[in-house]
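Q: Residue numbers (the working numbering), protein chains in the order written: chain A, 161 to 495; chain B, 161 to 495. The beta-carbon is built from N, C-alpha and C at its ideal position, and this holds for glycine as well. Dropping the structure in here first, questions after.
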DNA sequence: TTGAAAGCGATACCAA
DNA sequence: TTGGTATCGCTTTCAA
């Protein structure tokens, strides 16, 4: 294995000089730098990550904790993952992947063992067991999501309350008076994933504000679950002309079910979806949607972690404002 | 930070004894071990990963390289990822996640920097640029997939040739004489991803063997692509009574299109899918399928890496035999 | 602008 | 059964 000493010898300088060329932490004469860089290239030298971590107390690795759930849309998770990995690379960081089912043990293992400089945690629940432990770690953490109480820890997420409100507002402004919410899977509510309840709160606020009539139902994330959910909605509010769908997995089945029951979108039923853009565009009819900006959120999470690492910024919470894009699934109704 | 020296002092032993208690590489008296373990627990000691890697030349981390493509089914990729992470944890290994778009640079970065002990590479192409470089690394690599020439490197994959053969055979044995293959996306063929061509070869072999008439078409991985693919099939072989679908993303649109054109599955059209079990079960009608055993493949990849690390096994290629499960999408035709 | 050398926190060899 | 210590490869302080 090639070491820094080999490079130093080849370049006729000391090891520390090579180190400084690499880190840029002190000025080096152009001539010396050139020789060192030539030797590095010639020997194909790569600094030993472990040695570096030991001496510098930096690993240039961050941990990313992902859920394994199948009741949340897996492609959406994957979008977060790739955006985090891509953003991390732009800071010369690598990503260690943990699964949520390891729980607190996984976090303290990688943090306590100094395997990572920071942690990014997805799928945070309202009252998440992991939050108190994260707060105690030496490394900064960034949550994707918003627990009940998050003082001392950074959070980033879409502003789901505002998003729920905006969805209803859009339908109200198009004259809809009777609407329904097709929500996330029951399990998502049960385990207290906060985006579900925040969205619902915003939805209900707007319903009251605009004086609408509404029903809301969780929706199992598959064909049967969607069928059942629509059955209930049709029973309780048969006059509904607008649907807010906060469940990516339900979208495709839903469109089928509507068509099968003879209802056209948007002529007979308007649909506002909450999903990433590519999902809204990947269906038979382009959906009017409130974007879940996975790319942004992932990049911001990494950025927040980096800012905390270089001391530029303490813990903060950032909620992204919803953006609604009109496409082909909403129509105004006339009384 | 708590170090091994702190633990040693607390337990009244030397640092090396603590190290040996941890590694189990030499026998320790029960009394000493108990005291050491008590101190470890009391101090909540975690060995520093970097120091460990430096001294032992082992990181207990393996690299996993995933594609970012959206033309292959993202949930399937995620299944591989979670099975690899889960299997790795069972060997006390962590997983560093790389994306394929980093190419050879990413591989040599993490391998050259001794960040990982082994690499697992997904989405390997027939003539993959990364293979020669992987062969040169100090660390063992396991490919998920099968490049043209793989001597000296471990591979694991479903036996796609046998799978293609089995799909056709199943239809032939049910009396179908005219069949069509709905293949992966054109891009998958173009970049030479070998499973596509291996499957096609097996498909064609069986078609010849059983004296069938067949057409095969790539299929764009969305609604429009599937529509276009079916249009071509209907034009070229309108008498087809059986479909082999080697494209998870095409399955849902395909069933819709068939229904929209008035064809019932399985009465008017038999369908054999190649996909993970959960995909086959997640559609309106449970599909007869050849399983893509993502869990197995991921676990085997990790196992092969571990066996190479402890010198128990050199590079080898393992192709898993296809397993067909009959469900509700295939019917025998009578002449 | 550069070099020498003291750590960083483990492992594992050599002794006892 | 245990302890002492050289060593892993790098960073960074102190000196020049």
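Alpha carbon to alpha carbon, how far is residue 475 of chain B from residue 324 of chain B? Give it in angstroms, no decimals.
A: Roughly 26 angstroms separates the two Cα atoms.
Q: Can you check the stretch 330 to 402 of chain B for any beta strand (DSSP E) of at least 3 residues that lies completely inside it and give the ranges in chain order?
A: Entirely contained in the stretch 330 to 402 of chain B, the beta strand (DSSP E) runs reaching 3 residues are, in chain order, 338 to 342 and 373 to 377.
Q: Name, please, each residue of chain A whose Cβ falls closer than 8 angstroms to the Cβ of residue 442 of chain B.
A: Correct list: 382 and 383.
Q: Distance check for residue 166 of chain B and residue 450 of chain B, CA to CA, integer angstroms please.
A: Residue 450 of chain B and residue 166 of chain B: Cα-Cα distance of roughly 57 angstroms.
Q: By a C-beta neighbour count over all protein chains shown, 10 Å radius and 16 as the cutoff for buried, is residue 409 of chain A buried or exposed?
A: Buried.
Q: Report all residues from its chain with a CB closer than 8 angstroms to the CB of residue 276 of chain B; omit the five preceding and five following residues, and keep chain order.
A: Excluding sequence neighbours, residue 276 of chain B sits near 219, 221, 222, 223, 256, 270 and 299.
Q: Whole angstroms are fine: how far does the CA of residue 460 of chain A sit from the CA of residue 491 of chain A?
A: One C-alpha to the other measures close to 35 angstroms.
Q: Hey, residue 327 of chain B and residue 236 of chain B: beta-carbon distance below 8 angstroms or not?
A: Result no, Cβ atoms of residue 327 of chain B and residue 236 of chain B do not sit closer than 8 angstroms.
Q: Since residue 255 of chain A meets chain B, which of its residues come closer than 9 angstroms, beta carbon to beta carbon?
A: By Cβ distance, chain B contributes 256, 257 and 258.
Q: Output, in chain order, the set of chain A residues within a Cβ distance shorter than 9 angstroms of residue 282 of chain B.
A: Within 9 angstroms Cβ-Cβ: nothing; residue 282 of chain B doesn't reach chain A, min ~13 angstroms.
Q: Who does residue 478 of chain A pair with in a DSSP beta bridge?
A: Looking at the DSSP assignment, residue 478 of chain A forms a beta bridge with A:316.
Q: Take residue 195 of chain A as the anchor and find which of A:186, A:405, A:171 and A:211 has the nearest alpha-carbon.
A: Selected option, being the one with the closest Cα: A:171.
Q: Measure the alpha-carbon distance for residue 264 of chain B versus residue 177 of chain A and round it to whole angstroms.
A: Taking the straight line from one Cα to the other gives about 28 angstroms.
Q: At 8 angstroms on the CB atoms, spell out the chain B contacts of residue 237 of chain A, in chain order.
A: Within 8 angstroms Cβ-Cβ: 238.
Q: Could you tell me which residues DSSP puts in a beta bridge with residue 449 of chain B?
A: Paired residue(s): B:433 and B:485.
Q: Expressed to the nearest angstrom, what Euclidean distance is found between the alpha-carbon atoms of residue 390 of chain A and residue 416 of chain A?
A: So the two alpha carbons sit approximately 11 angstroms from each other.
Q: If the criterion is Cβ atoms closer than 8 angstroms, does the pair residue 273 of chain A and residue 249 of chain B meet it?
A: No, the Cβ-Cβ distance between residue 273 of chain A and residue 249 of chain B is not below 8 angstroms.
Q: Do we get a CB-CB distance below 8 angstroms when we pair residue 439 of chain B with the residues of chain A?
A: Chain A, which has no Cβ nearer than 8 angstroms to the Cβ of residue 439 of chain B, makes this no.
Q: Any C-beta of chain A within less than 7 angstroms: which residues of the stretch 454 to 486 of chain B qualify?
A: Per Cβ criterion, the list is empty.
Q: When every heavy atom of the ligand ATP is checked, does at least one fall within less than 7 angstroms of the C-beta of residue 310 of chain B?
A: In terms of ligand content, the structure shown is empty, and the ligand ATP therefore cannot be addressed.
Q: Quick one: what does DSSP say residue 261 of chain A is sitting in, helix, strand or coil?
A: Reduced to three states, the DSSP call for residue 261 of chain A is helix.
Q: Given a threshold of 16 other Cβ atoms within 10 Å of its Cβ, counted over all protein chains shown, does residue 368 of chain B qualify as buried or as exposed?
A: When all chains shown are included, residue 368 of chain B counts as exposed.
Q: With 8 angstroms set as the bound, which would you pick, yes or no: does the beta-carbon of residue 433 of chain B sit closer than that to a beta-carbon of chain A?
A: Output row for residue 433 of chain B: interface = no.
Q: Residues of the stretch 192 to 211 of chain A with a CB closer than 7 angstroms to any CB of chain B: list them in chain order, please.
A: Against chain B - using a Cβ distance shorter than 7 angstroms - the residues of the stretch 192 to 211 of chain A are 206, 207, 208, 209, 210 and 211.
Q: Please name the residues in the stretch 216 to 246 of chain A whose beta-carbon is closer than 8 angstroms to at least one beta-carbon of chain B, in chain order.
A: Hits within the stretch, in order: 219, 221, 224, 228, 230, 234, 235, 237, 238, 241, 242, 245 and 246.
Q: According to DSSP, simplified to helix, strand and coil, what is residue 190 of chain A?
A: Helix, per DSSP.
Q: To the nearest angstrom, report how far apart residue 126 of chain A and residue 484 of chain A are at their CA atoms.
A: Here chain A covers residues 161 to 495 and nothing more, so residue 126 of chain A does not appear.
Q: In angstroms, rounded to a whole number, what distance separates the CA positions of residue 477 of chain A and residue 360 of chain A?
A: The alpha-carbon atoms of residue 477 of chain A and residue 360 of chain A are separated by roughly 20 angstroms.
Q: If contacts are defined as beta-carbon pairs under 8 angstroms, then residue 405 of chain A and residue 414 of chain A qualify, I think. What distance do you get, rounded to the angstrom?
A: Between residue 414 of chain A and residue 405 of chain A the Cβ distance is about 6 angstroms, and since that is below 8 angstroms, they are a contact.
Q: Pick helix, strand or coil for residue 427 of chain A, following the three-state DSSP scheme.
A: Correct three-state label for residue 427 of chain A: coil.
Q: In this structure, what does DSSP give as the bridge partners for residue 279 of chain B?
A: Paired residues: B:223 and B:301.
Q: Between which two residues does the alpha helix (DSSP H) containing residue 418 of chain B stretch?
A: That run of the alpha helix (DSSP H) goes 408 to 420.
Q: Residues of chain A with CB under 9 angstroms from residue 316 of chain B, in chain order?
A: The premise fails here: residue 316 of chain B is roughly 20 angstroms from chain A at the closest Cβ pair, so nothing lies under 9 angstroms.
Q: Out of A:226, A:462, A:489 and A:309, point me to the one whose CA is closest to residue 262 of chain A's CA.
A: If we check each option's Cα against that of residue 262 of chain A, A:226 comes out closest.
Q: Report the CB separation of residue 482 of chain B from residue 318 of chain B in whole angstroms; it is logged as a contact under 8 angstroms.
A: Contact holds; Cβ gap of about 7 angstroms.
Q: Applying a beta-carbon distance threshold of less than 9 angstroms, which residues of chain B neighbour residue 279 of chain A?
A: Going along chain B, no residue has its Cβ under 9 angstroms from residue 279 of chain A, so there is no contact; the nearest lies around 13 angstroms.
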